[in-house]
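Mapping to our numbering: the sequence shown position 72 is 409, numbers consecutive. Glycine included, C-beta positions come from ideal geometry on N, C-alpha and C. Each remark here refers to the structure printed beneath this line.
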Amino acid sequence: NLSPDGRHMAMVSADRDLLETFRACLNLDNRITHHVSGFLRMHHRVQWGDRQFYNWLLSIGLMPAKSLRLGTLKIPDAYFADFVRGCLDGDGSIAVFTDRYNTFKNEKYVYERLYMQFTSASLPFLEWLHASIGRMVDVRGSIIARKPWPGHSPYWNLKFAQHDSIRLLQW
């Protein structure tokens with residue numbers, strides 16, 4: 338999480354050991370504290386300030402309030418699949434389910450469905466992600482507008498159906 342004063346936050350709902358590893362990787366001695374999220378879940382948090390790191394994050398396209406303002410990023414093609422995997426882990430989902438919707442017509446109409454999607458409050462970011470994925474992998478996908486919750490910003494889903502999802506997951 339970036340703030341204009343150069344302070345950074347890492348919040349993890351997983352094990353405290355993960356933050357210990359994170360702290361060690363960045364050579365930080367800052368303490369790990371508890372934080373309660375807006376959904377009343379307890380998280381652990383490490384907070385630190387480093388103007389040089391902050392400026393580097395800005396130089397590659399990240400910014401404060403990025404969820405609403407994010408656009409294109411400078412990700413080399415060689416690392417783009419890893420970037421997409423990180424997007425899927427952070428703001429994406431994979432859904433697998435048995436579709437029995439048309440069994441009233443014929444009991445044999447049972448299908449396994451697979452969908453992969455990315456969610457963002459930044460339409461320009463999802464449009465860039467969609468175009469970049471399409472350039473590197475022969476998949477189509479579609480962007481779907483979602484109705485926001487009262488008092489929240491609008492958001493969108495970049496969704497891939499079964500065959501495109503399989504190709505992306507293999508990539």
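A direct Cα-to-Cα measurement between F441 and V373 gives close to 47 Å. Here S457 is buried: its Cβ has 16 or more other Cβ atoms, across all protein chains shown, within 10 Å. For A361, DSSP records no beta bridge to any residue. With at least 16 other beta carbons inside 10 angstroms of its own, K496 counts as buried.
Taken through DSSP and simplified to helix, strand or coil, A498 comes out as coil. Judged by DSSP secondary structure, E449 falls within the beta strand (DSSP E) whose first and last residues are 448 to 457.
One Cα belongs to A402, the other to W508, and the distance between them is close to 30 Å. When C-beta atoms of the segment 455 to 471 are compared with those of the segment 399 to 416, three or more pairs fall below 8 Å, so the two segments count as touching.
Residue pairing for Q389: DSSP places it in no beta bridge. In this structure, W385 places its C-beta atom within 8 Å of the C-beta atom of N367. In the structure shown, R504 falls within a helical segment according to DSSP collapsed to helix, strand and coil.
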